[in-house]
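All remarks here apply to the structure that follows.
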Amino acid sequence: MDWTRNPSKAACSTTLFKVDCCQFCTVLESVRNGHIKRITDEDIQSSVIELLGNNVSTTYVTCPLDPKKTLGIKLPYFVMTVKNMKKYFTFEVQVLDDKGMKRRFRASNFQSTTRVKPFICTMPLRLDEGWNQVQFNLADFVKRAYGSTYVETLRIQIHANCRLRRVYFADRLYTEEELPAEFKLYLPGLHSLLDLMRIKLCGYSPFVFGDQSRLDR
């Protein structure tokens with residue numbers, strides 16, 4: 001399935017845009033000393049994509065497949081339903097801002113400090129045990145890190161180690177009750193980490209520019 005920019009698709013997806021993780025094996029895979037495969041998760045009894053590897057940098061899926069193409073998704077919220085495998089895990093989202101600059105945001109559970117460089121912002125990620133819903137306000141991060149305005153998402157890349165159930169973009173944060181059935185994860189006691197990385201950033205990890213911080217600017 002081709003998830004690259006499609007004007008007709010964008011016109012009918014003004015509030016939610018789903019990247020079906022059960023179709024994720026059709027996008028580019030890179031596997032070295034690990035595996036990427038579809039399995040049935042024992043907790044939710046549903047099909048998911050499992051990414052496991054000894055080195056997170058060499059086991060990942062990326063979308064779109066063609067490096068010359070982009071997703072072209074303008075919705076500012078990136079939402080991912082992911083299972084904590086109690087191993088190293090990282091993911092990355094590349095966006096375009098109103099300065100015409102491509103910026104990458106990379107979150108990892110093995111990093112303790114948020115740092116901003118001209119083309120990449122790296123930050124810590126904390127997941128609860130079991131299934132988590134990560135909600136990432138891209139517009140807010142672009143503004144806080146670079147002082148510019150979010151335009152669109154170009155690419156996403158999800159690395160080992162995790163189980164992936166759902167990835168979608170939204171115009172705002174939705175409650176579980178508001179979401180269509182296909183966007184929900186049916187699991188009693190699901191942790192809903194509302195805007196997880198924004199909370200982590202505001203509470204614990206200011207942007208670091210050497211000896212400067214832009215958290216409160």
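Straight run, no breaks: the sequence shown in the UniProt record's numbering ends on number 217.
The C-beta atom is built at its ideal place from N, Cα and C for all residues, glycine as well.
Remember, predicted model here, so these are calculated numbers, not experimental data.
Check                                                                                               : Outcome
Cβ neighbour criterion (16 or more within 10 Å) applied to Arg172                                   : exposed
Collapsed DSSP secondary structure at Leu138 in the structure displayed                             : helix
Per DSSP, cross-strand counterpart(s) of Pro124                                                     : Ser108
Residue environment, Thr153, which counts as buried when at least 16 other CB atoms sit within 10 Å : buried
Which of helix, strand or coil DSSP assigns to Thr113                                               : coil
DSSP three-state assignment for Thr70, whether helix, strand or coil                                : coil
From Asn161, Met123 and Asp43, residue whose alpha carbon lies closest to that of Asp56             : In the sequence under discussion, the amino acid at residue 56 is Val, which differs from the Asp named in the question. Of Asn161, Met123 and Asp43, the residue nearest in Cα terms is Asn161.
Residue burial classification, Pro64 (beta-carbon count within 10 angstroms, cutoff 16)             : buried
Proximity test, Cβ basis, 8 angstroms: Leu138 and chain C                                           : Structure shown: chain C not included; a single protein chain is present.
Between the CA atoms of Lys184 and Gln133 - distance to the nearest angstrom                        : 10 angstroms
Cross-strand partners of Lys37 (DSSP beta bridge)                                                   : Glu50
Between the CA atoms of Arg165 and Pro180 - distance to the nearest angstrom                        : 15 angstroms
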